[in-house]
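The sequence shown begins at 0 in numbering that gives the first Met the number 0 and counts up by one. Even for Gly, the Cβ is constructed at its ideal location relative to N, Cα and C. A quick write-up on the structure given underneath.
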Amino acid sequence: MQSSLPNEQFLQIAKEFGTPVYVYHAEKIKTQYEKLVNAFSVLDTKFFYACKALTNINVLRYIKSIGCNIDCSSINEVKLALHAGFEPRNVLYTSNGIAFDEIEEAVSYGVNVNIDSLSNLEKFGKKFGHNYPVGIRIRPNIMAGGNIKISTGHSKSKFGIPVEQLDELKRIVKENNIHIRTLHLHTGSEIKEVDVFIKGMEVLFELMPHFPELEVLDLGGGFKVPYHPHEKEIDVVAIGAGLKKAFDEHPTADHKKLQVWFEPGKFLVCEAGYLLTQVNVLKANNGVTIAGVNTGLNHLIRPMMYDAYHHITNISNPAGAEQHYMVTGYICETDTFADDRLLNEVREGDCLLFHNAGAYGFEMSSNYNSRYKPAEVLVKDGGAQLIRKREEWDDLLKNQVI
Ligand SMILES: *Cc1c(COP(=O)(O)O)cnc(C)c1O
C-alpha cells in the first residue's frame with residue numbers, strides 16, 4: 000500500500016518532531032473531497048465533514064479552505080467549528096442522546112441541528128415552535144457498515160427516531176407546529192455497498208409526504224476507504240448515479256427542489272493520516288518475531304476496539320527481506336497492532352509507519368499508563384508544520400488537585 004508522501008519525508012519528520020507522531024497530508028484530504036464533489040455533481044449536494052474523526056483546528060481550517068462544511072457530534076465540536084471560522088449556516092450538529100440544553104445552545108449559535116429523539120423534539124417544539132427549521136434523525140432499520148460496533152441504523156440501534164414511530168413523530172410535529180427542514184439518517188461506518196445509500200434514500204422518500212416543508216435529505220456518512228491493500232474504496236460515482244436515478248424514477252421527489260447532504264468523516268481524512276512510530280524492542284517468538292513499538296492502544300485504539308486492520312510499513316528498511324512479525328504496543332494491556340504481518344526486516348530503532356490513521360486515531364487517544372498524547376504534524380504544500388505539541392509532564396498533572 001503506497002503512502003501519499005515519500006518515506007524520506009516521514010523519516011525527516013521523525014527526526015525533527017520525534018515519535019510517535021501523527022502526520023496528516025493536506026492535499027490528500029483535498030483529493031478525497033474533490034472525488035465526492037465530482038461524484039455527486041448530478042445532484043444539488045452539500046458536504047459536511049464529520050469532524051469527530053479528527054478535530055485539530057488546523058485540519059478544520061484546511062477543510063474550510065477547500066469549501067467543505069462541517070458536521071459535529073457534541074456542542075464542543077460546534078464551538079471548535081465556529082472557532083475555526085465556519086459560518087453557522089455551514090455547521091451541522093447531529094446530536095445523539097444529549098441533554099436539551101445543548102440543543103438550546105446550538106440554536107443560540109444559529110447552526111443547523113438534527114434531533115434524534117422524540118423527547119428532545121417535543122422540548123424543541125415547545126420552546127421554538129415554528130421559528131427554527133430543524134432536522135430529524137430517522138433510524139431506518141437498515142443493517143450496514145463494517146461491523147456491528149460501527150453500525151448505527153439497524154433495528155436495535157440507539158441512534159435516531161425509529162421509523163416505525165412515525166405516528167407519534169407526526170403528532171409532535173403537528174401539535175407544536177415544528178418546521179421540519181431535514182430528514183437525516185446515518186446507517187454506519189465503512190459501508191462498501193452502493194445499495195445502502197439508495198435504500199436509505201428510499202426510506203426518506205416514503206416519509207417525505209408527511210413533511211411538506213422539507214428541503215434537505217441528509218444521508219449521513221460512512222463511505223468506505225481501503226484499509227487493506229486488496230480492498231477497494233466504495234464507488235461514490237455509482238452512488239451519485241444511483242441516487243439521481245432514484246430521484247428520476249420517483250413520482251414526486253424532485254432533485255431540483257431537494258438538497259442532498261452528506262457527512263463524510265473517514266472518507267476525507269482516514270488515508271491522509273499516518274501514525275509514525277519507532278521500534279523499541281524485538282523479541283524472538285517461535286518464528287514470528289515480536290516488534291514492540293513506542294506507541295500503543297493509548298494512541299491508536301482501533302485495532303483493539305474494532306479489530307481494525309492498519310497497514311504497516313517499515314520505512315527505515317524498505318528493501319529488507321520480508322519476515323513475519325507481530326507488532327505490539329508498549330501499554331500494560333494487550334495491544335496487538337498486527338498478529339502475523341509480513342514486513343521488511345525490522346531492526347530496533349526502525350520507523351514503522353501505520354497507514355489509515357487520520358480518522359479516529361489521535362481523536363480517540365488517551366493518557367492511559369500516564370503516557371503523553373503524541374504530537375500532530377500537517378504536511379501542506381510540501382512543508383511539515385507542527386499543529387499540536389507532544390504532551391509533557393505538566394499536562395499529566397494539570398487538573399489533579401495537589
Ligand atoms: C460518525 C458519523 C459520521 C461519519 O462517519 P464516517 O464513517 O467517518 O464517514 C457521519 N454522520 C454522523 C451522524 C456520524 O455520527
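Comparing C-alpha positions only, which one of the options sits nearest to residue i?
i, options, result
"Ala25", "Lys379, Lys388, Ala383", "Lys379"
"Val224", "Ala98, Gln31, Lys244, Glu390", "Gln31"
"Asp339", "Glu332, Tyr324, Glu347, Tyr329", "Tyr324"
"Arg389", "Asp253, Phe16, Ile311", "Phe16"
"Ala290", "Gln277, Asn297, Asn398, Gly272", "Gln277"
"Ser118", "Tyr131, Ile102, His129, Asn130", "Ile102"
"His354", "Thr251, Ser365, Ala337", "Ala337"
"Gly145", "Phe222, Phe99, Ser94", "Phe222"
"His153", "Gly187, Thr294, Phe123", "Gly187"
"Gln164", "Asn140, Thr18, Gly96", "Asn140"
"Tyr371", "Cys331, Ile314, Thr294", "Thr294"
"Glu174", "Met200, Gly124, Gly264, Lys157", "Gly124"
"His298", "Val20, Gln8, Val77, Pro5", "Val20"
"Ser94", "His82, Ala49, Glu86, Arg170", "Ala49"
"Phe361", "Gln8, Leu53, Ser2", "Leu53"
"Gly351", "Asn366, Leu267, Ser365, Gly328", "Before going on, a small fix: residue 351 reads as Leu here, not Gly. Nearest of Asn366, Leu267, Ser365, Gly328 to Leu351, Cα basis: Gly328."
"Ile233", "Pro5, Leu35, Leu168, Trp392", "Leu35"
"Tyr23", "Ala271, Asn313, Ala358", "Ala271"
"Gly319", "Glu344, Ala143, Asp306", "Glu344"
"Tyr305", "Ile171, Ile65, Lys148", "Lys148"
"Glu262", "Ser156, Ala245, Leu216, Phe204", "Leu216"
"Arg346", "His249, Ser315, Leu59", "Ser315"
"Glu167", "His209, Lys157, Gly128, Ala143", "His209"
"Lys157", "Glu192, Val172, Leu184", "Leu184"
"Asn366", "Leu296, Tyr308, Glu375", "Leu296"
"Ile197", "Glu321, Asp247, Lys169, Ile171", "Asp247"
"Leu341", "Leu385, Gly286, Thr333", "Gly286"
"Gln322", "Gly357, Ala307, Leu281, Met303", "Leu281"
If I measure Cβ to Cβ from residue i and keep anything under 6 Å in the same chain, skipping five residues before and after, which residues do I get?
i, result
"Gly159", "Asp115, Arg136, Ile137, Arg138"
"Ser72", "Lys51"
"Val41", "Gly239, Lys243"
"Ile300", "Met363"
"Lys122", "Phe99"
"Tyr61", "Ala25"
"Leu202", "Sequence check: residue 202 is Val here, not Leu. Correct list, in chain order: Pro139."
"Cys67", "Tyr32, Phe46, Tyr48"
"Pro161", "Arg138"
"Leu120", "Ile114, Ile171"
Just reading off the alpha helix (DSSP H) that residue i is part of, what are its end residues?
i, result
"Asp247", "235-248"
"Ala307", "No alpha helix (DSSP H) contains Ala307, which DSSP labels as neither H nor E."
"Gln11", "6-16"
"Lys125", "117-127"
"Lys63", "56-64"
"Phe266", "265-268"
"Asp394", "392-396"
Where DSSP assigns a beta bridge to residue i, which residues make up the other side?
i, result
"Gly357", "For Gly357, which the question treats as bridged, DSSP gives no partner whatsoever."
"Tyr48", "Ile69"
"Met207", "Looking at the DSSP assignment, Met207 forms no beta bridge with any residue, so it has no partner."
"Ile289", "Lys282, Met325"
"Tyr92", "Cys71, Val112"
"Arg340", "Tyr324"
"Leu182", "Ile135, Leu216"
"Gln164", "Note: Gln164 sits in no beta bridge, so no partner."
"Glu375", "Tyr21, Arg387"
"Leu351", "Thr276, Asn313"
"Thr335", "Thr327"
"Ile102", "Note: Ile102 sits in no beta bridge, so no partner."
"Gly187", "Ser150"
"Phe222", "Ile190"
What span of residues does the beta strand (DSSP E) with residue i cover, start to end?
i, result
"Gln322", "321-327"
"Leu385", "382-387"
"Tyr21", "20-24"
"Phe261", "258-261"
Once you ignore the five residues that flank residue i on each side, which residues in its own chain have a CB closer than 8 Å to its CB?
i, result
"Asp43", "His254, Lys255, Leu257, Gln258, Val259"
"Leu213", "Ile179, Arg180, Thr181, Leu182, Met207, Leu257"
"Ser426", "This structure cannot settle anything about residue 426, because the visible part of the chain is limited to 0 through 401."
"Phe85", "Leu59, Lys63, Asn68, Ile69"
Within the 9 Å Cβ cut-off, does residue i reach chain C?
i, result
"Thr327", "Considering every chain present, this structure includes no chain C. It has just one protein chain."
Near residue i, which residues of its chain fall below 7 Å by C-beta distance, leaving aside the five closest residues on each side in sequence?
i, result
"Pro228", "Met0, His310"
"Val77", "Cys71, Val90, Tyr92, Ala105, Tyr108, Val110"
"Phe204", "His249, Ala252"
"Gly348", "Gln277, Val278"
"Tyr359", "Ala52, Arg301"
Please determine whether the Cβ atom of residue i lies at a distance below 8 Å from any heavy atom of ligand 3.
i, result
"His153", "Ligand 3 is absent from the structure shown, which contains only ligand 1."
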